[in-house]
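In the working numbering, the protein residues as written are 14 to 386.
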């Protein structure tokens with residue numbers, strides 16, 4: 014009998030079917046329910062993307078208006094959760110706060126099982142949780158959501174107290190759409206594994222948030238901006254990046270396990286950054302990107318390495334006014350649409366996800382009495 018093939022990290026292993034998103038990494042293509050990501054980024058808002066994931070089609074005008082109204086009404090946060098947000102240590106990482114607050118939302122909540130009403134409510138509430146915690150940790154009062162602002166604009170308004178410009182709102186909407194789903198990534202897989210046990214929605218999302226927090230998954234956008242800021246000037250880029258590689262450090266914002274061509278999301282965000290960022294920052298970022306790609310291609314000529322979505326995500330989120338430690342939580346707010354859709358898809362045709370592992374420990378042996386060991 015041949016030994017089983019162990020696929021570390023489950024790379025290349027197909028564990029199920031999905032109708033939500035398709036990543037074609039060899040050619041740099043991403044589609045959501047058949048729609049190319051370039052078309053979606055040009056034409057839709059986050060609410061439309063959520064409708065597409067949850068119901069299978071882009072909304073009509075009437076459906077869009079109805080969803081926006083429902084999400085606006087769903088933004089109310091229970092008093093006990095707001096008290097927890099206020100009481101968290103001010104030095105808490107925002108991702109820790111989000112994980113805690115999502116879990117708190119599930120306590121005593123009668124809408125715990127995943128259905129359309131529950132996933133819509135949690136998706137609407139996520140930016141409110143983030144804005145509340147961010148305001149409280151800065152010693153500021155909570156700003157109630159506005160029903161006349163869409164999902165993206167309301168988030169920026171609640172963080173700053175100032176209504177965002179049309180350009181800022183569009184930039185964040187594009188970001189939220191682009192990052193809303195991406196196949197069976199680590200956090201989405203975590204959510205589906207938990208959903209497969211018939212656990213509740215809040216447990217699924219708490220697990221997904223925990224996975225996204227990891228620096229190998231969602232924790233890199235802020236580090237990409239930190240790298241750009243540390244380089245500081247275009248003329249410093251090559252020296253700084255070669256020194257980093259010499260110390261075996263990663264250049265943040267480059268490379269993706271799934272893509273052997275340019276990540277289409279990075280391409281879209283680069284074009285968006287050109288219009289929304291301060292010219293000096295965009296020119297620096299572009300120089301760092303070009304220098305990094307050149308150095309990586311020299312050092313790893315056999316590999317096809319491209320800019321990933323995190324590089325220009327960092328620049329965009331900075332341009333719309335977010336603090337660096339709010340980048341990954343905002344990624345979570347975007348991915349909420351995809352996570353919840355995957356949970357709905359899992360429970361609609363469920364089988365407990367329970368893979369096997371090849372045992373590599375000691376051979377069978379006898380237990381000795383404690384004084385004989």
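Even glycine gets a Cβ: it sits at the ideal position worked out from N, Cα and C.
Cα-Cα separation between residue 352 and residue 135, rounded to whole angstroms | Residue numbering aside, residue 352 sits at position 339 when the chain shown is read from its first letter. Residue numbering aside, residue 135 sits at position 122 when the chain shown is read from its first letter. Rounded to the nearest angstrom, the two C-alpha atoms are 11 Å apart.
Cβ-based burial, residue 342 [other Cβ within 10 Å; buried from 16] | As a first step, residue 342 is located in the chain shown; it is residue number 329 there, counting from the start. With 16 or more other Cβ atoms within 10 Å, it is buried.
Where residue 181 falls, given that 16 or more other Cβ within 10 Å makes a residue buried | Along the chain shown, one-based indexing puts residue 181 at 168. Buried, because 16 or more other Cβ atoms sit within 10 Å of the Cβ of residue 181.
Taking residue 74 as part of the alpha helix (DSSP H), name the residues at either end of that continuous run.
-> Walking along the chain shown from the start, residue 74 turns up at place 61. Run containing residue 74: 74–86, per the alpha helix (DSSP H) assignment.
Residue range of the unbroken alpha helix (DSSP H) whose run includes residue 94 = Position 81 of the chain shown, counted from the first residue, corresponds to residue 94. Note, residue 94: alpha helix (DSSP H), 92–100.
Beta strand (DSSP E) segment containing residue 348, residue limits | In the chain shown, the residue the question calls residue 348 occupies position 335. Counting along the chain, residue 348 falls outside any beta strand (DSSP E), though it belongs to the alpha helix (DSSP H) covering 340–361.
Skipping 5 residues on each side, what residues in its chain have a beta carbon closer than 8 Å to that of residue 267?
-> Residue mapping note: residue 267 aligns to position 254 of the chain shown, counting from 1. Answer for residue 267: 305, 306, 309, 318, 319, 320, 321 and 324, listed in chain order.
Closer than 6 Å by C-beta to residue 346: which residues in its own chain qualify, once you throw out the five before and the five after it? Chain order, please.
-> Numbered from its first residue, the chain shown carries residue 346 at position 333. Cβ within range, chain order: 139 and 140.
Reference residue 287, options 339, 56 and 329, closest by Cα = Residue 287 sits at position 274 when you count from the first residue of the chain shown. Out of 339, 56 and 329, 329 has the C-alpha closest to the C-alpha of residue 287.
Own chain partners of residue 359 with C-beta closer than 7 Å, once the 5 adjacent residues on each side are dropped = Along the chain shown, one-based indexing puts residue 359 at 346. So the qualifying residues of the chain are 205, 208 and 209.
For the segment 168–180 against the segment 32–47, are there 3 or more C-beta pairs whose distance is under 8 Å?
-> no
For the alpha helix (DSSP H) holding residue 235, just list the boundary residues, first then last.
-> Stepping through the chain shown from its first residue, residue 235 is reached at position 222. It spans 234–244 - the alpha helix (DSSP H) in which residue 235 sits, taken as one unbroken run.
If you drop the 5 nearest sequence neighbours on each side, which residues of the same chain put their C-beta closer than 8 Å to that of residue 119?
-> Here residue 119 refers to the residue found at position 106 when the chain shown is read from its first residue. These residues qualify, in order along the chain: 125, 213, 214, 215, 216 and 219.
Mind reading off the beta-carbon distance from residue 87 to residue 235? Whole number of angstroms is fine, and I expect it under 8 Å.
-> As a first step, residue 87 is located in the chain shown; it is residue number 74 there, counting from the start. As a first step, residue 235 is located in the chain shown; it is residue number 222 there, counting from the start. With a Cβ gap of about 29 Å, residue 87 and residue 235 do not count as contacting.
Cβ atoms of residue 112 and residue 149: under 8 Å apart, would you say?
-> The residue given as residue 149 occupies position 136 in the chain shown. The residue given as residue 112 occupies position 99 in the chain shown. No.
List the DSSP bridge partners of residue 48.
-> What you label residue 48 is simply residue 35 of the chain shown in a count that begins at 1. Its beta-bridge partners are 45.
Nearest-angstrom Cα distance between residue 78 and residue 262?
-> Here residue 78 refers to the residue found at position 65 when the chain shown is read from its first residue. Here residue 262 refers to the residue found at position 249 when the chain shown is read from its first residue. So the alpha carbons of these two residues sit roughly 48 Å apart.
Touch check for the segment 269–277 and the segment 37–57: three-plus C-beta pairs under 8 Å?
-> yes
Please list, in chain order, all residues of the same chain as residue 197 whose beta carbon is under 6 Å from its beta carbon, the five residues on each side excluded.
-> Residue mapping note: residue 197 aligns to position 184 of the chain shown, counting from 1. Closer than 6 Å at the Cβ level, and outside the excluded window around residue 197, lies no residue.
Grab me the residues of residue 344's own chain with a C-beta within less than 8 Å of its C-beta, minus the 5 sequence neighbours each way, in chain order.
-> Within the chain shown, residue 344 is the residue found at index 331, counting from 1. Closer than 8 Å at Cβ, skipping near neighbours: 192, 225, 231, 234 and 326.
Can you round the beta-carbon distance between residue 80 and residue 56 to whole angstroms, since I take them to be within the 8 Å contact cut?
-> For the purposes of this step, residue 80 is taken as the residue at position 67 of the chain shown. For the purposes of this step, residue 56 is taken as the residue at position 43 of the chain shown. Going by Cβ atoms, the distance from residue 80 to residue 56 rounds to 16 Å, so no, they are not a contact pair.
Grab me the residues of residue 84's own chain with a C-beta within less than 6 Å of its C-beta, minus the 5 sequence neighbours each way, in chain order.
-> For the purposes of this step, residue 84 is identified with residue 71 of the chain shown, where counting begins at 1. Excluding sequence neighbours, residue 84 sits near 137.
Please check the pair residue 114 and residue 142, which I expect to be a contact at CB under 8 Å, by giving their CB distance rounded to whole angstroms.
-> Mapped onto the chain shown, residue 114 falls at position 101. Mapped onto the chain shown, residue 142 falls at position 129. About 4 Å separates the two Cβ atoms, so the contact holds.
Could you tell me which residues DSSP puts in a beta bridge with residue 36?
-> The count along the chain shown starts at 1 and reaches residue 36 at position 23. Residue 36 is bridged to 43.
Does the beta-carbon of residue 107 have 16 or more other beta-carbons within 10 angstroms, so that it is buried, or is it exposed?
-> One-based indexing of the chain shown puts residue 107 at position 94. Classification for residue 107: buried.
Sorted by chain position, which residues of the same chain lie with C-beta nearer than 8 Å to residue 24's C-beta, five sequence neighbours on each side aside?
-> What you label residue 24 is simply residue 11 of the chain shown in a count that begins at 1. Excluding positions up to five away in sequence, the list reads 270.
Exposed unless 16 or more other CB atoms sit within 10 angstroms - verdict on residue 177 = What you label residue 177 is simply residue 164 of the chain shown in a count that begins at 1. Looking at its Cβ environment, which holds 16 or more other Cβ atoms inside 10 Å, residue 177 is buried.
Three-way DSSP call (helix, strand, coil) for residue 320 in this model | Numbered from 1 along the chain shown, position 307 holds the residue referred to as residue 320. It is a strand residue.
Measure the alpha-carbon distance for residue 272 versus residue 153 and round it to whole angstroms.
-> Start at 1 with the first residue of the chain shown, and residue 272 comes out as number 259. Start at 1 with the first residue of the chain shown, and residue 153 comes out as number 140. Going by the C-alpha atoms only, they are around 42 Å apart.
Expected contact under 8 Å - CB spacing of residue 46 and residue 69 to nearest Å = Counting from 1 along the chain shown, the entry for residue 46 is found at position 33. Counting from 1 along the chain shown, the entry for residue 69 is found at position 56. About 6 Å separates the two Cβ atoms, so the contact holds.
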